[in-house]
Amino acid sequence: MDEGKLRDQLADSLRGRGAHVPFEKAVDGFPVELAGRSVAGLPHTAWHILYHLWMAQWDILEFVRDPAHKSPEWPQGYWPGTAAPVADSGWDETVKKFRSDREAVIKLVQDPKNDLLAPIPHGDGQTLLREALLVVDHNSYHLGQLVDVRRALKAWPGK
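Going by numbering that gives the first Met the number 0, the letters in the sequence shown line up with residues 0 to 158, in that order.
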């Protein structure tokens with residue numbers, strides 16, 4: 000196995016390259032004034048999804064790198080308490096935090112000093128590879144939801 004290629008492929012998947020909509024396409028140009036708008040038949044607003052994407056990714060990142068990390072309570076700790084950001088800047092700040100945390104996950108994955116298959120010492124069998132794949136899987140699922148919300152709000156490029 001070429002471990003360098005595996006690390007590169009993981010990084011590409013984390014960035015949404017390949018079969019998934021990348022985070023940037025899902026959020027860039029989104030009209031913040033629509034972030035709290037509900038769509039009939041869909042359970043979450045765009046703000047709910049963005050916040051949840053960031054919070055879950057942050058939690059996984061912190062679990063990997065901080066033995067003292069305590070995860071938020073499920074499920075309420077992973078979802079915002081409001082349908083829309085409290086201020087318009089909340090959307091942009093959360094986008095920035097998501098990107099920063101994603102890059103931190105990528106940095107961990109690409110560092111050859113980090114064994115992708117070694118159990119995380121403070122976990123119960125999780126590995127860095129498993130956690131990175133969990134981030135890819137979780138992000139792709141919820142980015143699909145965000146695209147659906149954007150389409151329903153007629154806020155998707157090309158509508």
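Here a beta-carbon is modelled for each residue, glycine too, at the ideal position from N, C-alpha and C.
Excluding the 5 residues flanking residue i on each side, which residues of the same chain have their C-beta closer than 8 Å to its C-beta?
| i | result |
| --- | --- |
| residue 71 | 54, 58 and 77 |
| residue 124 | 118 |
| residue 179 | Any answer about residue 179 is impossible in this case: the structure gives the chain only from 0 up to 158. |
Tell me which residues share the same chain as residue i and place their Cβ nearer than 6 Å to its Cβ, disregarding the 5 neighbours each side in the sequence.
| i | result |
| --- | --- |
| residue 87 | 31 |
| residue 151 | 38 |
| residue 90 | 31, 34 and 84 |
| residue 130 | 59 and 63 |
| residue 66 | 121 |
| residue 113 | 107 and 127 |
| residue 49 | 93 |
| residue 68 | 61 and 62 |
Taking the alpha carbon of residue i as the point to measure from, which residue in the options has its own alpha carbon closest?
| i | options | result |
| --- | --- | --- |
| residue 159 | 61, 8 and 45 | Because the chain is modelled from 0 through 158, residue 159 falls outside the range shown and cannot be assessed. |
| residue 95 | 27, 6 and 148 | 27 |
| residue 4 | 110, 43 and 148 | 110 |
| residue 40 | 156, 147 and 157 | 147 |
Mark residue i as exposed unless 16 or more other C-beta atoms lie within 10 angstroms of its C-beta, in which case mark it buried.
| i | result |
| --- | --- |
| residue 140 | exposed |
| residue 136 | exposed |
| residue 73 | exposed |
| residue 100 | buried |
| residue 84 | buried |
| residue 121 | exposed |
| residue 42 | exposed |
Could you pull out every residue in the same chain whose Cβ sits closer than 7 Å to the Cβ of residue i, ignoring the five residues on either side in sequence?
| i | result |
| --- | --- |
| residue 116 | 126 and 128 |
| residue 97 | 22, 52, 53 and 56 |
| residue 19 | 139 and 142 |
| residue 133 | 59 |
| residue 154 | 29, 30 and 33 |
Quick one: what does DSSP say residue i is sitting in, helix, strand or coil?
| i | result |
| --- | --- |
| residue 44 | coil |
| residue 81 | coil |
Determine whether the beta carbon atoms of residue i and residue j lie at a separation below 7 Å.
| i | j | result |
| --- | --- | --- |
| residue 103 | residue 142 | no |
| residue 25 | residue 145 | yes |
| residue 119 | residue 13 | no |
| residue 16 | residue 108 | no |
Given the structure, does residue i come close to the ligand NAD, in the sense that its CB is under 6 Å from one of the ligand's heavy atoms?
| i | result |
| --- | --- |
| residue 121 | Of ligands this structure carries none, so the ligand NAD is not represented either. |
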